Amino acid sequence: MKITIFGSGYVGLVTGTCLAEVGNEVVCVDVDQNKIDMLNNGKIPIYEPGLEELVLKNSTSGHLQFTTDIAKGVEHGLFQFIAVGTPPDEDGSADLQYVLAVARSVAQHMNEYKIVVDKSTVPVGTADRVRDAIRTTLGERGVEMDFDVVSNPEFLKEGAAIDDFMRPDRIVVGTDNPRTTELLKLLYAPFNRSHDRLIAMDIRSAELTKYAANAMLATKISFMNELSNLAERLGADIENVRRGIGADPRIGYHFIYPGAGYGGSCFPKDVQALERTAKENDYDAHLLQAVERVNDNQKTVLFSKINSHFGGDLKGKTFGLWGLAFKPNTDDMREAPSRTLMEALWNSGASVRAFDPKAAEETQRIYGNRKDLVLCGSPEEAANGVDALVVVTEWNLFRSPDFLALKSMMKAPVIFDGRNVFDPAMLQHDGFVYYGIGRGGAASP
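For the numbering used here, add 1448 to where a residue sits in the sequence shown, where the first one is 1.
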């Protein structure tokens, strides 16, 4: 099939590449000439395991093309995917200006039937607005043309997006036309072979499904973080509690790991947008408000522990940070807990030595050159000479360090473990002062 993807960011690039991988002819359109030049040279603007190799393979074969030519993109595809950003507006609602701009561009250049697919995460009712924008622009051209608008939300995890697309647990499509449903079934047939994962529903339900999924996962994280703070005060170990409740199949182990708070491009934005949607429809979403408040508070917990340990005097001290990205296997720094922590440390007069396997370049882009930030080339370099070490992101290479060597290079053997990666008893045995998240019943200072 011939497919056009508008937007070559995270969702658009993964979607276009995976659709090309199974033999479709895909054209990705973006207004950023630098990004298109990079992609045409076999480089990608984001880090996602396995993606760069697939982009190079499919662009070399001719199945995947990149262009800034909107007219070319509209002419090419039966399916016109909208995969542009929907950043939060000042009031927390999703900003749809880029989505609607694509809709108008499609209408401006289309000369035959098109299926316009909302792939971006958008509020309920967006398909109606996209349809109105296309119809209005066609009217301004003085033409009548058949088209359909469908909702096809993405469920990609950063760090595992290729596998999520190629082996999905579900494919949600929202349509109001049986013909369009059948065409989407054909499009997704290569990803739907072992058993039927495609769930067809009405458009508004599909739009809500995406927000509901992310809000549910964010709720689980905030719930566990709330419990972790209670566990500390009760002298309980949240890791034991996690195992105890996770064994219940009704609860399960996914997304019940306490930590330094959630971040990224999805959970914070989508919880806020769903909360805003509720307000617009005269409903006060108390639970969503609480999820957001708990997460905002959790991002301050590590700093509070650090500040307390040092008696409120952090001026002139240096802290080693292991992990900057909001989660492992990505370079995404959006809403990352590391940013909250670093900024609080800087405001208190402290300096930071930080290492992340993938996010150093993005950190440099955000903060520029600062005397109080050193981006290091290894975990050991980040820990050298520091007053304390802070684990912020649970990259695998942080899980089994040489603790005795680590102790010898640090100014003081103090570890703040924001992801409960380490064994408190073992660290205490090795002479470390250890602070975890919710580990009141474990070995503690």
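C-beta: ideal position from N, C-alpha, C; glycine also.
Note that the coordinates shown come from a computational prediction; the quantities given were computed from them, not determined experimentally.
Out of the options, which has the shortest C-alpha to C-alpha gap to residue i?
i	options	result
V1620	E1606, Y1636, L1735, K1605	Y1636
V1475	G1455, P1493, I1492	G1455
G1707	L1512, R1867, F1514, S1599	R1867
F1613	P1638, P1626, V1522	P1638
V1800	I1693, I1814, P1785, V1822	V1822
E1828	E1842, N1559, F1851, D1820	F1851
G1797	F1803, N1755, K1775	N1755
N1488	T1841, T1516, E1469, L1467	T1516
S1752	Y1731, T1788, H1734, D1539	T1788
R1847	Y1883, D1871, V1862	D1871
I1704	E1740, M1664, K1727, N1729	M1664
G1884	Y1495, V1862, L1467	V1862
D1644	V1554, G1768, V1503, P1616	P1616
T1452	Q1545, A1695, S1553, D1539	S1553
I1651	T1569, L1837, K1505, Q1720	T1569
A1738	E1674, M1790, D1537	E1674
P1716	G1825, D1537, L1526, N1482	D1537
V1838	P1785, E1809, P1697	P1785
A1721	G1460, L1634, R1681, E1655	E1655
A1853	E1809, A1733, G1833	G1833
According to DSSP, is residue i helix, strand or coil?
i	result
W1794	helix
Y1636	helix
C1824	coil
A1808	helix
R1724	helix
G1879	coil
D1744	helix
C1714	coil
G1521	helix
G1692	helix
I1484	helix
A1679	helix
R1577	helix
P1626	helix
I1563	strand
K1450	strand
L1646	strand
S1599	strand
N1584	The sequence as given places Thr at residue 1584; Asn does not occur at that position. Helix, per DSSP.
L1837	strand
I1885	coil
Indicate whether residue i and residue j have their beta-carbon atoms separated by less than 8 Å.
i	j	result
A1830	M1858	no
L1499	V1547	no
K1806	A1773	yes
L1512	G1464	yes
D1497	M1486	The sequence shown places Pro at residue 1497, rather than the Asp named in the question. Against a cut-off of 8 Å, the Cβ pair of M1486 and P1497 comes out as no contact.
K1392	E1523	Residue 1392 lies beyond the stretch modelled for the chain, which goes from 1449 to 1893, so this question has no answer here.
E1473	K1505	no
W1901	D1835	In the structure as shown, the chain starts at 1449 and stops at 1893, and residue 1901 therefore has no counterpart that could be examined.
V1565	I1518	no
D1780	S1713	yes
G1894	E1680	Outside the shown range of the chain (1449 to 1893) lies residue 1894, about which nothing can therefore be said.
G1607	T1778	yes
Can you give the Cα-Cα distance for residue i and residue j, rounded to whole angstroms?
i	j	result
A1531	S1856	50 Å
R1653	G1622	Just to set this straight, residue 1653 is Ser in the shown sequence, not Arg. S1653 and G1622: Cα-Cα distance of roughly 7 Å.
L1646	T1657	14 Å
V1869	Y1458	28 Å
G1700	K1668	11 Å
M1593	D1624	17 Å
A1860	G1683	26 Å
W1843	E1588	53 Å
E1723	A1660	11 Å
W1770	M1558	50 Å
S1676	F1514	47 Å
Y1882	P1776	22 Å
E1469	Q1876	50 Å
I1484	H1757	49 Å
Q1812	G1540	27 Å
A1792	Y1815	14 Å
Y1561	A1555	10 Å
L1502	C1466	8 Å
G1510	N1640	24 Å
Could one say the Cβ of residue i lies closer than 8 Å to chain B's Cβ atoms, at least one of them?
i	result
T1452	The structure shown contains no chain B; it is built from a single protein chain.
Give a single yes or no on whether residue i has its beta carbon closer than 7 Å to a heavy atom of the ligand HEM.
i	result
V1578	This structure lacks the ligand HEM, and indeed carries no ligand of any kind.
| Contact the region 1626-1644 vs the region 1684-1703: 3+ CB pairs below 8 Å | no
| Segment contact, 8 Å Cβ cut-off, at least three pairs: the region 1761-1778 with the region 1579-1586 | no
| query | Would you say the region 1595-1604 touches the region 1559-1579, given that touching needs at least three Cβ pairs under 8 Å? | reply | A contact exists between the region 1595-1604 and the region 1559-1579.
| If you pair each beta-carbon of the region 1521-1540 with each one of the region 1548-1558, do three or more pairs fall below 8 Å? | yes
| task | Check whether the region 1709-1720 touches the region 1728-1748, counting contact only when three or more Cβ pairs, one atom from each stretch, lie closer than 8 Å. | result | yes
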